[in-house]
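Worksheet: one structure, shown below.
There are 2 protein chains.
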Amino acid sequence: MAEALTSWQAVADEVLARIRRRDWAPGDLIPNEVDLAGEMGCARTTVNRALRHLAEAGYLERRRKAGTRVALNPVRRATLRIPVIREEVEARGAHYDHALILREEGAPPLAVRSLLHLPPDRRLLHVVALHLADGAPYAHEDRWVDTETVPDFATLDLTQQSANAWLVQNVPYTRGALALSAMAADPDTAEALGCAPGAALFTLERTTWKAARPITWVRLAYPPGHRLTTDL
Amino acid sequence: MAEALTSWQAVADEVLARIRRRDWAPGDLIPNEVDLAGEMGCARTTVNRALRHLAEAGYLERRRKAGTRVALNPVRRATLRIPVIREEVEARGAHYDHALILREEGAPPLAVRSLLHLPPDRRLLHVVALHLADGAPYAHEDRWVDTETVPDFATLDLTQQSANAWLVQNVPYTRGALALSAMAADPDTAEALGCAPGAALFTLERTTWKAARPITWVRLAYPPGHRLTTDL
DNA sequence: ATCTGCAATATGTATGCACATAATATTTCT
DNA sequence: AGAAATATTATGTGCATACATATTGCAGAT
Chain V
1 MAEALTSWQA VADEVLARIR RRDWAPGDLI PNEVDLAGEM GCARTTVNRA LRHLAEAGYL
61 ERRRKAGTRV ALNPVRRATL RIPVIREEVE ARGAHYDHAL ILREEGAPPL AVRSLLHLPP
121 DRRLLHVVAL HLADGAPYAH EDRWVDTETV PDFATLDLTQ QSANAWLVQN VPYTRGALAL
181 SAMAADPDTA EALGCAPGAA LFTLERTTWK AARPITWVRL AYPPGHRLTT DL
Chain E
1 MAEALTSWQA VADEVLARIR RRDWAPGDLI PNEVDLAGEM GCARTTVNRA LRHLAEAGYL
61 ERRRKAGTRV ALNPVRRATL RIPVIREEVE ARGAHYDHAL ILREEGAPPL AVRSLLHLPP
121 DRRLLHVVAL HLADGAPYAH EDRWVDTETV PDFATLDLTQ QSANAWLVQN VPYTRGALAL
181 SAMAADPDTA EALGCAPGAA LFTLERTTWK AARPITWVRL AYPPGHRLTT DL
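Respectively, the protein sequence lines represent chains V and E.
Counting in this note's numbering, the first sequence runs from 1 upward without gaps.
Counting in this note's numbering, the second sequence runs from 1 upward without gaps.
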């Protein structure tokens, strides 16, 4: 008999190996926890931990009583690190800096207003900034903040601290949404980023809420060529 | 004394509530598992499960002996569902279809060749297809397949089955990478998607390997306005 | 003062057991 | 036959306990 697999990592590795080896093909039902535990020479708890892990990673699908089966499409989930720009820049060994481009109250565009479920006459604080890595444009930030939800924000000195850093530190959110997309560079953004107007920019939008009240909508636009990557 | 929190979900909810309420601020060290278990009236195992879950979700950072602290930056990870196009289309209640645009052997462009670590003279199978939702263009697929790694692919009838569906079902990969980006529509892609040349397209690139051998590189380009979303 | 090794400590994990829960399979009743 | 009640089963979870392991921090040596 094979050596006992007594750690959940070892069990997970073995199960993954069988999936990859096609011992268990996509869609197949695999043995139940009790049987696997017997075969591997460990407790059911350990098998459970391993299978739960693989299910979270998207390799398995589990349902009570119905059993555990190999996922039909191996990876449908990817966890990606949402860049915290300062850290991202500094991780490359570059010097981080940011410049405030605009800060004024105004009526948000329709797209923002409807995303935040705001009435037509509602005014927000509009903040535009540029993030720099070693002095070169790294990302363009376009943000609308609801100062009724976050009154302290109105008096903040944004030249000292980025809006994001302050909000993250001081305003806990209860709900957030993230959207990845592409946009054509408008003239202002193009100038800030130093690219051609109309260039294809990768964008990352984040909307956050505190209970039912919107906190902020922010869109980061990266210069052409920027890629957000992750392993599968 | 408050009601005992005897499920790991309840414990996780309570801890998350304290984080959001700023009882425990970002960077703070929170009580150790034994103390929390005492306070909540449950076993340490249960607290461990809850804290482990919150750490995986990015709310906490844990280190042995050093303890558990509230993450400085609440959410730096987002798990997003990688679209399996057919399912994505059908989930909207639309009819899925795909059309083969090109299928021929050739030398891949430099970018692909270097990503796959291939020698300069190496030829791959180039497949271009269009995914349709109710007859309208949904995504443009540009793919290079290494038929030395996947010989069966060469004889496949791609009008019946999408390349992705076949590969996913038949070729397990051991390593994969994902990159999200933006590109300007080249004339061919623009025509296929029915948008203007130069338009900003959201793209998703996937590279997969079987051990040290590349399987395929594929890039999906979506029409302007497409968004990939997830909750935070 | 600095380095080194050891003790203390918080998290990480394995195990056996019990019971909960969801979903399916079977039987019973009409 | 069809519906409703019931049994069965696989996963989900909680608990007490024990031991493993990574770090920190202190104490003693240099």
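Using N, Cα and C, we set each Cβ at its ideal position, and we do this for glycine too.
Predicted, not measured: the structure shown is a model, and the values here were computed from it.
Give the range of the alpha helix (DSSP H) segment to which P137 of chain V is assigned. As a first step, residue 137 of chain V is located in the first sequence; it is residue number 137 there, counting from the start. From DSSP, P137 of chain V is part of no alpha helix (DSSP H) but of the beta strand (DSSP E) over 136-145.
A37 of chain E and R44 of chain E - do their beta-carbons sit closer together than 8 Å? Your numbering for residue 44 of chain E matches position 44 in the second sequence. Your numbering for residue 37 of chain E matches position 37 in the second sequence. R44 of chain E is a Cβ neighbour of A37 of chain E, given a cutoff of 8 Å.
Answer with yes or no whether the minimum CB distance from A154 of chain V to chain E is below 8 Å. Numbered from its first residue, the first sequence carries residue 154 of chain V at position 154. No, A154 of chain V does not count as interfacial toward chain E.
I'd like to confirm the pairing. Which residues does DSSP put opposite G106 of chain E in its beta bridges? On the second sequence, residue 106 of chain E is found 106 positions in, with the first residue counted as 1. Its beta-bridge partners are E:L124.
Considering only DSSP beta bridges, list what L60 of chain V is partnered with. Walking along the first sequence from the start, residue 60 of chain V turns up at place 60. Per DSSP, V:V70.
Closest Cβ-Cβ distance between T278 of chain E and chain V: below 8 Å? Past the boundaries of the shown model lies residue 278 of chain E; chain E is included only from 1 to 232, so the question cannot be answered.
Spatial neighbours of I19 of chain V within its chain, please: C-beta separation below 7 Å, excluding the five flanking residues on both sides. On the first sequence, position 19 is the one that residue 19 of chain V refers to. Only Y59, V70 meet the Cβ criterion.
If I follow the unbroken beta strand (DSSP E) through W233 of chain V, where does it start and stop? Outside the displayed range of chain V (1 to 232) lies residue 233 of chain V, so it cannot be described from this structure.
Residues in the same chain with beta-carbon distance under 6 Å from G194 of chain V, minus the five sequence neighbours each way, listed in chain order, please. Translated into the one-based positions of the first sequence, residue 194 of chain V becomes position 194. These residues qualify, in order along the chain: P137.
For the ligand GTP, any of its heavy atoms closer than 7 Å to the Cβ of A37 of chain V? The ligand GTP is not part of this structure, which contains no ligands at all.
Less than 8 Å separating the beta-carbons of V168 of chain E and K210 of chain E? Locating residue 168 of chain E in the second sequence gives position 168, where the first residue counts as 1. Locating residue 210 of chain E in the second sequence gives position 210, where the first residue counts as 1. The Cβ atoms of V168 of chain E and K210 of chain E do not sit closer than 8 Å to each other.
Taking a cut of 7 Å between CB atoms, which residues from the segment 155-170 of chain V lie near chain E? Across the segment 155-170 of chain V, CB contacts with chain E closer than 7 Å involve V168, Q169, in sequence order along the chain.
Following the continuous alpha helix (DSSP H) through R86 of chain E, name the residue where it begins and the one where it ends. In the second sequence, residue 86 of chain E corresponds to position 86, counting from 1. Note, R86 of chain E: alpha helix (DSSP H), 85-91.
If we ignore side chains and look at the alpha-carbon of each, how far apart do T46 of chain V and V11 of chain V end up? Sequence index remark: in the first sequence, residue 46 of chain V carries index 46 (1-based). Sequence index remark: in the first sequence, residue 11 of chain V carries index 11 (1-based). About 8 Å.
Please report how far the alpha carbon of W24 of chain E lies from the alpha carbon of D35 of chain E, in whole angstroms. Translated into positions along the second sequence, residue 24 of chain E becomes position 24. Translated into positions along the second sequence, residue 35 of chain E becomes position 35. The C-alpha of D35 of chain E is placed about 15 Å away from the C-alpha of W24 of chain E.
Output, in chain order, the set of chain E residues within a Cβ distance shorter than 9 Å of Q188 of chain V. Reading the first sequence from its first residue, position 188 is the one you call residue 188 of chain V. Per the sequence shown, the amino acid found at residue 188 of chain V is Asp instead of Gln. Under the 9 Å cutoff, chain E gives no residues; its nearest Cβ is about 16 Å from D188 of chain V.
Extent of the continuous beta strand (DSSP E) run through P224 of chain V: Stepping through the first sequence from its first residue, residue 224 of chain V is reached at position 224. DSSP places P224 of chain V in no beta strand (DSSP E); its state is neither H nor E.
When the cut-off is 8 Å and only beta carbons count, does M1 of chain E lie next to chain V? Translated into positions along the second sequence, residue 1 of chain E becomes position 1. Because the pLDDT at M1 of chain E is just 46, under 50, the model does not fix this residue reliably, and the value given afterwards should be weighed accordingly. Using beta-carbon distances, M1 of chain E does not count as an interface residue toward chain V, since no partner is under 8 Å.
Between which two residues does the beta strand (DSSP E) carrying T79 of chain V extend? Position 79 of the first sequence, counted from the start, is the residue given in the question as residue 79 of chain V. That run of the beta strand (DSSP E) goes 77-81.
Check the Cβ-Cβ distances between H131 of chain V and every residue of chain E, and say whether any is below 8 Å. Locating residue 131 of chain V in the first sequence gives position 131, counting from the first residue. H131 of chain V has a beta carbon lying at 8 Å or more from every beta carbon in chain E.
Does the beta-carbon distance from F153 of chain E to T159 of chain E come in below 8 Å? For the purposes of this step, residue 153 of chain E is taken as the residue at position 153 of the second sequence. For the purposes of this step, residue 159 of chain E is taken as the residue at position 159 of the second sequence. Using a Cβ distance threshold of 8 Å, F153 of chain E and T159 of chain E do not count as a contacting pair.
Check for me: the beta strand (DSSP E) holding L180 of chain E runs from which residue to which? Within the second sequence, the letter at position 180 stands for residue 180 of chain E. Per DSSP, L180 of chain E belongs to the beta strand (DSSP E) from 175-184.
With a threshold of 6 Å on Cβ separation, who are the neighbours of A133 of chain E within its own chain once the five nearest residues in sequence on each side are excluded? Stepping through the second sequence from its first residue, residue 133 of chain E is reached at position 133. Closer than 6 Å at Cβ, skipping near neighbours: V89, A94.
Express the C-alpha separation of R86 of chain E and D97 of chain V in angstroms, rounding to a whole number. By one-based count along the first sequence, residue 97 of chain V stands at place 97. By one-based count along the second sequence, residue 86 of chain E stands at place 86. Just so you know, the alpha carbons of D97 of chain V and R86 of chain E end up roughly 43 Å apart.
Using a 10 Å radius around the Cβ and a threshold of 16 neighbouring Cβ atoms, would you call A50 of chain E buried or exposed? In the second sequence, the residue the question calls residue 50 of chain E occupies position 50. With a 10 Å radius around the Cβ and a threshold of 16 neighbouring Cβ atoms, A50 of chain E comes out buried.
Assuming L72 of chain E contacts I101 of chain E under a Cβ cut-off of 8 Å, what Cβ separation, rounded to an integer in Å, is found between them? Taking the first residue of the second sequence as position 1, residue 72 of chain E is located at position 72. Taking the first residue of the second sequence as position 1, residue 101 of chain E is located at position 101. Contact between L72 of chain E and I101 of chain E is ruled out by a C-beta separation of about 48 Å, above the 8 Å threshold.
Ordered along the chain, which non-local residues of its own chain (more than five positions away) have a Cβ less than 6 Å from that of R62 of chain E? Translated into positions along the second sequence, residue 62 of chain E becomes position 62. Within the same chain, and ignoring the five residues on either side of R62 of chain E in sequence, the residues whose Cβ sits closer than 6 Å to its Cβ are A55, T68.
Interface flag, G106 of chain V vs chain E, CB-CB below 8 Å: Here residue 106 of chain V refers to the residue found at position 106 of the first sequence. Answer no: the Cβ-Cβ gap between G106 of chain V and chain E never drops below 8 Å.
Validate contact between the segment 195-204 of chain E and the segment 99-118 of chain E using beta carbons, cut 8 Å, 3 pairs: Per the Cβ contact rule, the segment 195-204 of chain E is not in contact with the segment 99-118 of chain E (fewer than 3 Cβ pairs under 8 Å).
Chain E contact residues for R77 of chain V, given Cβ-Cβ distances below 9 Å: To locate residue 77 of chain V, count along the first sequence from 1; it is residue 77. Near R77 of chain V (Cβ distances below 9 Å), the residues of chain E are T79, L80, R81, I82.
Tell me which same chain residues have a C-beta within less than 8 Å of the C-beta of D186 of chain E, skipping the five on either side of it? Within the second sequence, residue 186 of chain E is the residue found at index 186, counting from 1. Cβ within range, chain order: P197.
For D142 of chain V, is the classification buried or exposed, using 16 other Cβ atoms within 10 angstroms of its Cβ as the cut-off for buried? Position 142 of the first sequence holds residue 142 of chain V. Of the residues assessed, D142 of chain V falls on the buried side of the cut-off, its CB having 16 or more other CB atoms within 10 angstroms.
Quick one: what does DSSP say A196 of chain V is sitting in, helix, strand or coil? Residue mapping note: residue 196 of chain V aligns to position 196 of the first sequence, counting from 1. Correct three-state label for A196 of chain V: coil.
Can you give the Cα-Cα distance for A190 of chain E and L118 of chain E, rounded to whole angstroms? As a first step, residue 190 of chain E is located in the second sequence; it is residue number 190 there, counting from the start. As a first step, residue 118 of chain E is located in the second sequence; it is residue number 118 there, counting from the start. About 29 Å.
Looking at C-alpha atoms only, which residue of E:P214, E:H226, E:A212, E:G176 is the closest neighbour of L204 of chain V? Here the question's residue 204 of chain V lines up with position 204 in the first sequence. When only C-alpha atoms are compared, the closest one is E:H226.
Measure the alpha-carbon distance for P109 of chain V versus L125 of chain V and round it to whole angstroms. As a first step, residue 109 of chain V is located in the first sequence; it is residue number 109 there, counting from the start. As a first step, residue 125 of chain V is located in the first sequence; it is residue number 125 there, counting from the start. When rounded, the distance between both Cα atoms is 12 Å.
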